[in-house]
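Everything on this sheet refers to the single structure shown next.
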Amino acid sequence: MTSFFWICLLLGGGVVVLQLGASLLGLHHDAPHDTFGHGPASEGLQLLSVRALSAGVAFFGLGGLAALRSGMPFAVALGAGLAAAAVAAVGVAFLLRSMKRLEGDQSFVLKNTVGLSGDVYLSIPARRSGTGKIHLTVQQRVMELDAITPEHDIATGTRVLVIDAIAPATVIVVPQPLILKEGDSDD
128 MTSFFWICLL LGGGVVVLQL GASLLGLHHD APHDTFGHGP ASEGLQLLSV RALSAGVAFF
188 GLGGLAALRS GMPFAVALGA GLAAAAVAAV GVAFLLRSMK RLEGDQSFVL KNTVGLSGDV
248 YLSIPARRSG TGKIHLTVQQ RVMELDAITP EHDIATGTRV LVIDAIAPAT VIVVPQPLIL
308 KEGDSDD
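Residue numbers for the sequence shown, in the numbering used here: 128 to 314.
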């Protein structure tokens, strides 16, 4: 029975080592579906990825060997191996998902502000005669941007809608349209 656990340890560990070596040499691929067709690797825990499965197989062998060496019967060693495999597979899948999230481009893109609402921080002069400042949340962070308006002055604290983005960090805004609920009137 010991040989069964050794085979699992060597097979799973060998795949892990080969993947690590390929990654270090730049031979890995950045396929959007790094799993058996279960979507991008950055979504959810990909327990069926080759890395998670091979780590699970390796730790199954390691856990089973450790249990057998400590004098436990085969059935208990099998349970210990399965527990170790589950922990290893979930741990590797979690780490891979965390690393994929770090790879995403989080660069600020001014055009992503168009259509967003923000609040005037410094009043904005009418008819593009000067700039004010607005605060808005874009790409999961609060930004302060220069703002101009084609219409009337916009006072501090007014909710605005970004209608265009110009220059390196300037947006064109208008007062946020008031959205009436059904049954309300604008009297």
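Here a beta-carbon is modelled for each residue, glycine too, at the ideal position from N, C-alpha and C.
Where residue i sits in the DSSP three-state scheme
{"i": "GLY140", "result": "helix"}
{"i": "MET270", "result": "strand"}
{"i": "ALA149", "result": "helix"}
{"i": "THR297", "result": "strand"}
{"i": "HIS165", "result": "Because the pLDDT at HIS165 is just 44, under 50, the model does not fix this residue reliably, and the value given afterwards should be weighed accordingly. The answer is coil: DSSP assigns HIS165 none of H, G, I, E or B."}
{"i": "SER225", "result": "helix"}
{"i": "ARG322", "result": "Only positions 128 to 314 of the chain appear in this structure, which leaves residue 322 out of reach."}
{"i": "THR240", "result": "helix"}
{"i": "GLY218", "result": "helix"}
Within 7 Å, strictly: CB atoms of residue i and residue j
{"i": "VAL247", "j": "ALA292", "result": "no"}
{"i": "VAL300", "j": "THR264", "result": "no"}
{"i": "THR258", "j": "ASP273", "result": "yes"}
{"i": "SER181", "j": "VAL143", "result": "yes"}
Contacts around residue i, its chain only, beta-carbon distance under 6 Å, and the 5 residues preceding and following it disregarded
{"i": "VAL289", "result": "THR240, VAL241, LEU243, VAL298, VAL300"}
{"i": "PRO295", "result": "none"}
{"i": "VAL217", "result": "none"}
{"i": "PHE186", "result": "ALA211, ALA212, ALA215"}
{"i": "LEU192", "result": "PHE132"}
Neighbourhood of residue i by C-beta, 7 Å cutoff - its chain only, sequence neighbours within 5 removed
{"i": "GLN303", "result": "SER244, ARG286, VAL287, LEU288"}
{"i": "LYS238", "result": "ALA292"}
Supposed contact pair residue j and residue i - C-beta distance, whole angstroms, cut 8 Å
{"i": "ALA211", "j": "GLY190", "result": "3 Å"}
{"i": "GLY206", "j": "LEU136", "result": "That pair is no contact at about 17 Å."}
{"i": "SER250", "j": "ASP280", "result": "6 Å"}
Residue i - containing beta strand (DSSP E), residue span
{"i": "LEU249", "result": "244-249"}
First and last residue of the uninterrupted alpha helix (DSSP H) at residue i
{"i": "GLY183", "result": "177-196"}
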